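The structure under discussion appears below in the form of structure tokens.
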Amino acid sequence: MVSVAIRVKVLYFAQAREAAGTGKEEVSLSEGSRVSDLVAASGKAHPGLQAMSRVVRLAVNAEVSGEGRVLEEGDTVAFLPPVAGG
Amino acid sequence: MAPRASRLTRRRIDPARVLDSLSDPGAGALVLFLGTVRDTGEAGAVEGMEYEAYGEMAERALARVEERVRRLWPGVKGVRVVHRVGRLAVGDVSVAVAVSAPHRAEAFEACRDAIETIKEEATIWKRERTPDGRSVWVEGRSLERRRRRRA
Numbered sequence: 023m024v025s026v027a028i029r030v031k032v033l034y035f036a037q038a039r040e041a042a043g044t045g046k047e048e049v050s051l052s053e054g055s056r057v058s059d060l061v062a063a064s065g066k067a068h069p070g071l072q073a074m075s076r077v078v079r080l081a082v083n084a085e086v087s088g089e090g091r092v093l094e095e096g097d098t099v100a101f102l103p104p105v106a107g108g
Numbered sequence: 009m010a011p012r013a014s015r016l017t018r019r020r021i022d023p024a025r026v027l028d029s030l031s032d033p034g035a036g037a038l039v040l041f042l043g044t045v046r047d048t049g050e051a052g053a054v055e056g057m058e059y060e061a062y063g064e065m066a067e068r069a070l071a072r073v074e075e076r077v078r079r080l081w082p083g084v085k086g087v088r089v090v091h092r093v094g095r096l097a098v099g100d101v102s103v104a105v106a107v108s109a110p111h112r113a114e115a116f117e118a119c120r121d122a123i124e125t126i127k128e129e130a131t132i133w134k135r136e137r138t139p140d141g142r143s144v145w146v147e148g149r150s151l152e153r154r155r156r157r158r159a
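Chains A and B, in that order, give the protein sequences.
Counting from 1 along the first sequence, just add 22 to a position and that's the residue number in the numbering used here.
Counting from 1 along the second sequence, just add 8 to a position and that's the residue number in the numbering used here.
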């Protein structure tokens, strides 16, 4: 079977940006990958992210998403630490 | 729908302009909440605050806050929320919420609900700048996976 790759854009905010050392990057994943696969890949690339995985929420295309969602080519995934507006 | 001013801004928030947008002959009450940068914080003395946002998502959240107010308090005449991002100094206004309604009770309630919802749902973060040059993230609240507050 041929494995097809998709590319997603990843955004890191606030403490997640500092842990990742970047605010955004592109990541290649195999087709059918879920948000949880991206979280694992990001955590592997940027180990500092792992410590905050319990409190960080994920968004896909600017809407909060569960980690089971299947990603598609061109999706934007954001790492959102606990928010502190106001 | 007519295009309207962005709810997220890098510019100084002018409370008078926020109020102007809400004048309504049917309003007997106009409540304005301003959040301002305080000189003390989690790490002690604070010189200023830096706000950052996931803009696209925060704009949507702020728009939803206004929709929520209109839904929960149908009598409300006008509601406007504005949140600032960037570098702020002590005393600067970081957020403004204004609500006009026929009577004060619903104006106060709706305004309170709006600012609490902003704090829970807007993808905005801030860190304090201390006089000795450190930057300290203000502890936030995890976004809810599903909305549990009455919607």
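Even glycine gets a Cβ: it sits at the ideal position worked out from N, Cα and C.
The structure displayed is predicted, hence computed values, not measured ones.
Given a threshold of 16 other Cβ atoms within 10 Å of its Cβ, counted over all protein chains shown, does residue i qualify as buried or as exposed?
i                      : result
residue 97 of chain B  : exposed
residue 50 of chain B  : exposed
residue 143 of chain B : exposed
residue 52 of chain A  : exposed
residue 91 of chain B  : buried
residue 135 of chain B : buried
residue 69 of chain B  : buried
residue 42 of chain A  : buried
residue 31 of chain B  : exposed
Are the CB atoms of residue i and residue j nearer to each other than 8 Å?
i                      : j                      : result
residue 132 of chain B : residue 89 of chain B  : no
residue 88 of chain A  : residue 75 of chain A  : no
residue 84 of chain A  : residue 65 of chain B  : yes
residue 123 of chain B : residue 108 of chain A : yes
residue 40 of chain B  : residue 130 of chain B : no
residue 137 of chain B : residue 55 of chain B  : yes
residue 26 of chain A  : residue 49 of chain A  : no
residue 99 of chain A  : residue 80 of chain A  : yes
residue 101 of chain B : residue 44 of chain B  : yes
Check residue i in the structure and name its three-state DSSP category.
i                      : result
residue 87 of chain A  : strand
residue 187 of chain A : This structure leaves residue 187 of chain A out entirely; chain A is present only between 23 and 108.
residue 123 of chain B : helix
residue 29 of chain B  : coil
residue 112 of chain B : helix
Assuming residue i and residue j make a contact with CB atoms under 8 Å, what is their CB distance in whole Å?
i                      : j                     : result
residue 109 of chain B : residue 85 of chain B : 6 Å
residue 101 of chain A : residue 78 of chain A : 5 Å
residue 87 of chain B  : residue 74 of chain B : 5 Å
Can you name the residues that DSSP bridges to residue i?
i                      : result
residue 152 of chain B : Residue 152 of chain B pairs with nothing; no bridge assigned.
residue 46 of chain A  : A:33
residue 104 of chain B : B:42 and B:90
residue 57 of chain B  : B:96 and B:136
residue 71 of chain A  : None; residue 71 of chain A has no bridge partner.
residue 52 of chain B  : B:49
residue 81 of chain B  : DSSP lists no partner for residue 81 of chain B.
Please list the partners that residue i has in chain E, where partner means a Cβ-to-Cβ separation under 7 Å.
i                      : result
residue 146 of chain B : The displayed structure is made up of protein chains A and B, and chain E is not among them.
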